[in-house]
Amino acid sequence: MITFLDGKVRVEHPENGFRSGTDAVMLAAAVPAMPGQKALELGAGSGATSLCLTARVPELDVTAVEIDPQASDFARKNAKVNGGFSQKLQVVTADIFNLPAPLRRDFDHVFCNPPFHGDGQTSPDPARARALSDEGALGQWLSLGLQRTISGGFFTAILRADRLPEALAAMGQRGINLLPLWPRQGLPAKRVILMARKGSRAPFALLPGLVLHEADGRYTPEAEAILRDGAALAMEGSRL
Numbered sequence: 003m004i005t006f007l008d009g010k011v012r013v014e015h016p017e018n019g020f021r022s023g024t025d026a027v028m029l030a031a032a033v034p035a036m037p038g039q040k041a042l043e044l045g046a047g048s049g050a051t052s053l054c055l056t057a058r059v060p061e062l063d064v065t066a067v068e069i070d071p072q073a074s075d076f077a078r079k080n081a082k083v084n085g086g087f088s089q090k091l092q093v094v095t096a097d098i099f100n101l102p103a104p105l106r107r108d109f110d111h112v113f114c115n116p117p118f119h120g121d122g123q124t125s126p127d128p129a130r131a132r133a134l135s136d137e138g139a140l141g142q143w144l145s146l147g148l149q150r151t152i153s154g155g156f157f158t159a160i161l162r163a164d165r166l167p168e169a170l171a172a173m174g175q176r177g178i179n180l181l182p183l184w185p186r187q188g189l190p191a192k193r194v195i196l197m198a199r200k201g202s203r204a205p206f207a208l209l210p211g212l213v214l215h216e217a218d219g220r221y222t223p224e225a226e227a228i229l230r231d232g233a234a235l236a237m238e239g240s241r242l
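In my numbering, the protein residues as written are 3 to 242.
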């Protein structure tokens, strides 16, 4: 069992499957959702990101799609364990590229933490391999996410920083804000959060970013506010 948001969210994972961490909380914090809206997570794993988002915006209607039956079962169990979030979080076992008919509609928000590795990096465990390697399909993940977003809605993803050129090649640069996550001051970013507003023609914006750790390894106050207190991560969405 892994806890997030200072114990407010508890997530159990399959023994040999992919385990969520800081990225899940950061992604959830970046989604600019409002009460009463509808959101879709692509590749939800055991549900950590959707649960953290639901904890921050309780009156949000979230659908989480996960292809692995074992992981999606854990997501359903986790939704029940976490304060009855199962009433607002629907978990669907499906391939994101072959969504059931009811999900082929547009959502106010779509978000994902796609597999970080491209071609050539796989795990011997099939479940972990599927969770960690997109087999060169990152552009398809991002295109699908934007496709399922309503006009004027937001698509948000957390990516490995060195895969940003692939992402921008797939999505273009209009209507996109990018926020780097710096491990420490002065170090290159390992992760970036990309937000696109569908239909926006606003120019590409590189945001100041967030430094995660102090020199001594402690989280910065800004990171603590997100990881412990459930604060939102400002992505300047109103400017898109």
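Yeah, the Cβ is synthetic: ideal placement off N, Cα and C, and Gly gets one too.
This structure is a prediction, so every number in the text was calculated from the model and none was measured.
Using a Cβ-Cβ cutoff of less than 7 Å, which residues in the same chain neighbour residue i once the five nearest sequence positions on both sides are dropped?
| i | result |
| --- | --- |
| Glu-216 | Thr-222 |
| Glu-168 | Leu-140, Gly-141 |
| Asp-25 | Asn-115, Ile-160, Arg-193 |
| Ala-96 | Val-67, Ile-69, Pro-102 |
| Arg-21 | Ile-4, His-15 |
| Leu-144 | Ala-159, Ala-169, Ala-172, Met-173 |
| Glu-61 | Pro-37, Gly-38 |
Can you tell me the Cβ-Cβ gap for residue i and residue j, rounded? I've got them flagged as a contact below 8 Å.
| i | j | result |
| --- | --- | --- |
| Ala-57 | Lys-10 | 5 Å |
| Leu-183 | Val-194 | 7 Å |
| Leu-189 | Met-173 | Contact doesn't hold; Cβ gap of about 26 Å is too wide. |
| Ala-98 | Gly-45 | Note that residue 98 is Ile in the sequence shown here, rather than Ala. That belief holds up - the Cβ atoms of Ile-98 and Gly-45 are roughly 6 Å apart, short of 8 Å. |
Are residue i and residue j close, meaning C-beta to C-beta below 9 Å?
| i | j | result |
| --- | --- | --- |
| Val-83 | Glu-17 | no |
| Leu-29 | Thr-65 | no |
| Thr-110 | Lys-90 | Checking the displayed sequence, the identity of residue 110 turns out to be Asp instead of Thr. No, the pair does not count as a contact, with Cβ atoms beyond the cut-off. |
| Leu-242 | Phe-113 | no |
| Ala-163 | Ala-191 | yes |
| Val-59 | Ala-81 | no |
Quick check on residue i - is its C-beta less than 9 Å from some C-beta in chain D?
| i | result |
| --- | --- |
| Leu-170 | Looking for chain D here will not work: only one protein chain is present. |
Along the chain, where does the beta strand (DSSP E) containing residue i start, and where does it finish?
| i | result |
| --- | --- |
| Met-197 | 193-199 |
| Val-59 | Note, Val-59: premise wrong, no beta strand (DSSP E); not H, not E. |
| Leu-189 | Per DSSP, Leu-189 belongs to no beta strand (DSSP E) and is neither H nor E. |
| Asp-110 | 109-114 |
| Ala-66 | 63-68 |
| Phe-6 | 4-6 |
| Arg-21 | Note, Arg-21: premise wrong, no beta strand (DSSP E); not H, not E. |
| Arg-12 | 11-13 |
| Lys-40 | 40-44 |
| Leu-242 | Premise fails: Leu-242 is in no beta strand (DSSP E) and is neither H nor E. |
| Leu-91 | 91-95 |
Leaving out the 5 sequence neighbours to the left and right, which residues in its chain are closer than 8 Å to residue i when beta-carbon positions are compared?
| i | result |
| --- | --- |
| Glu-238 | Asn-179, Ala-207, Leu-209 |
| Arg-130 | Unreliable positioning characterises Arg-130 in this predicted model, as indicated by a pLDDT of 45, which lies under 50. A coordinate reading is not provided. |
| Lys-79 | Glu-14 |
Who are the near neighbours of residue i in its chain, counting only those whose CB is closer than 6 Å to its CB and skipping five residues on each side?
| i | result |
| --- | --- |
| Ala-227 | Ala-233 |
| Ser-269 | Past the edges of the chain, shown from 3 to 242, lies residue 269, and the structure says nothing about it. |
| Arg-230 | Asp-8 |
| Ala-32 | Thr-158, Ile-195, Leu-235, Met-237 |
| Arg-199 | Phe-156, Gly-177, Leu-242 |
| Val-27 | Phe-6, Cys-54, Leu-229 |
| Ala-225 | Leu-214 |
| Ser-52 | Glu-43, Ala-46, Val-64, Ala-66, Leu-91 |
| Gln-72 | Pro-16 |
Closest to residue i by CA distance: which of the options is it?
| i | options | result |
| --- | --- | --- |
| Lys-40 | Gly-47, Leu-189, Thr-151, Ser-145 | Thr-151 |
| Asn-2 | Phe-109, Ala-46, Ala-32, Val-67 | As displayed, the chain neither begins before 3 nor continues past 242, which places residue 2 out of reach and without an answer. |
| Leu-214 | Lys-79, Leu-166, Gly-19, Leu-181 | Leu-181 |
| Phe-6 | Ala-50, Ala-191, Pro-37 | Ala-50 |
| Arg-186 | Glu-43, Asp-218, Pro-117, Ser-52 | Asp-218 |
| Leu-146 | Asp-108, Arg-165, Gln-175 | Asp-108 |
| Pro-117 | Gly-85, Gln-175, Met-197, Arg-165 | Arg-165 |
Kindly indicate the opening and closing residues of the alpha helix (DSSP H) around residue i.
| i | result |
| --- | --- |
| Ile-228 | 223-229 |
| Pro-167 | 166-173 |
| Gln-72 | 71-83 |
| Val-27 | 24-32 |
| Gly-155 | Run containing Gly-155: none in the alpha helix (DSSP H); it sits in the beta strand (DSSP E), 151-162. |
Using a threshold of 8 Å, is the CB atom of residue i nearer than that to any non-hydrogen atom of the ligand GDP?
| i | result |
| --- | --- |
| Gly-23 | The model depicted lacks the ligand GDP and carries no ligand whatsoever. |
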